[in-house]
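Numbering (the working numbering), first residue to last: 321 to 462.
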């Protein structure tokens, strides 16, 4: 699995498209900004699955971020990890870095930010590659 993070509108989507040559590679792109992220399925034609908008998905699906919610989130991640291992596949997680800047005043916004930070740490630990994209340029950090 591959985790790509970076600030908003910093070129993560464009970089992933170029890195995986998605114009020439069978792929599926799921965007949590448009609809909820789906569970793994038996898609056999895609060699790359991109799950974009992790921070949005966490906000909609896993708040409040209780221990049960953390387990549910990790179960989802591990299901995709298993799907990837079943064939010549790659799962790419794209998440916006929302931990920079001023700490939000609203308690629920701080809770969301904390949940995203914890989740990104778990993804970075599990994924075999982690990149940070800034100004359209990646830095491989794992």
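A virtual CB, placed ideally from N, CA and C, is assigned to each residue, including glycine.
Legend entry - Residues that residue 387 bridges to, as DSSP identifies them: As a first step, residue 387 must be located in the chain shown, where it is residue number 67. DSSP, once it has assigned bridges, lists no residue as partnering residue 387.
Legend entry - Where residue 361 sits in the DSSP three-state scheme: Sequence index remark: in the chain shown, residue 361 carries index 41 (1-based). Coil at residue 361, not helix or strand.
Legend entry - Presumed contact (8 Å Cβ cut-off) between residue 340 and residue 347, rounded CB distance: Start at 1 with the first residue of the chain shown, and residue 340 comes out as number 20. Start at 1 with the first residue of the chain shown, and residue 347 comes out as number 27. 7 Å between Cβ atoms; contact.
Legend entry - Residue of 405, 372, 377 and 404 minimising C-alpha distance to residue 392: Taking the first residue of the chain shown as 1, we reach residue 392 at position 72. Of the candidates 405, 372, 377 and 404, the one whose C-alpha sits nearest the C-alpha of residue 392 is 377.
Legend entry - Residue burial classification, residue 440 (beta-carbon count within 10 angstroms, cutoff 16): Counting from one through the chain shown, the residue named residue 440 turns up at place 120. Burial call: buried.
Legend entry - Cβ-based burial, residue 334 [other Cβ within 10 Å; buried from 16]: The residue you call residue 334 lines up with position 14 of the chain shown. Counting C-beta atoms within 10 angstroms of its own C-beta, residue 334 has fewer than 16 neighbours from the protein chains shown and is therefore classed as exposed.
Inset, instruction - Verify whether the separation of the beta carbon atoms of residue 399 and residue 359 is less than 8 Å. - result: Here residue 399 is taken as the residue at index 79 of the chain shown, counted from 1. Here residue 359 is taken as the residue at index 39 of the chain shown, counted from 1. In contact: residue 399 and residue 359 (Cβ atoms closer than 8 Å).
Legend entry - First through last residue of the beta strand (DSSP E) which encompasses residue 342: Working through the chain shown from its first residue, we reach residue 342 at position 22. Looking at the DSSP string, residue 342 is not in any beta strand (DSSP E), and its letter there is neither H nor E.
Legend entry - Status (buried if at least 16 other CB within 10 Å, exposed otherwise) for residue 443: As a first step, residue 443 is located in the chain shown; it is residue number 123 there, counting from the start. It is buried - the Cβ of residue 443 has at least 16 other Cβ atoms within 10 Å.
Legend entry - Selection from 404, 438, 408 and 375 that minimises the alpha carbon distance to residue 386: Residue numbering aside, residue 386 sits at position 66 when the chain shown is read from its first letter. For the residues 404, 438, 408 and 375, the minimum Cα distance to residue 386 belongs to 438.
Inset, instruction - Consult DSSP for residue 290 and reduce its assignment to one of helix, strand or coil. - result: The structure shown does not extend to residue 290, since the chain is modelled only from 321 to 462, so the question has no answer here.
Inset, instruction - For residue 423, count neighbouring Cβ atoms within 10 angstroms of its own Cβ and tell me buried if that reaches 16, exposed if not. - result: Within the chain shown, numbered from 1, the residue matching residue 423 stands at position 103. Answer is exposed; the Cβ neighbour count stays below 16.
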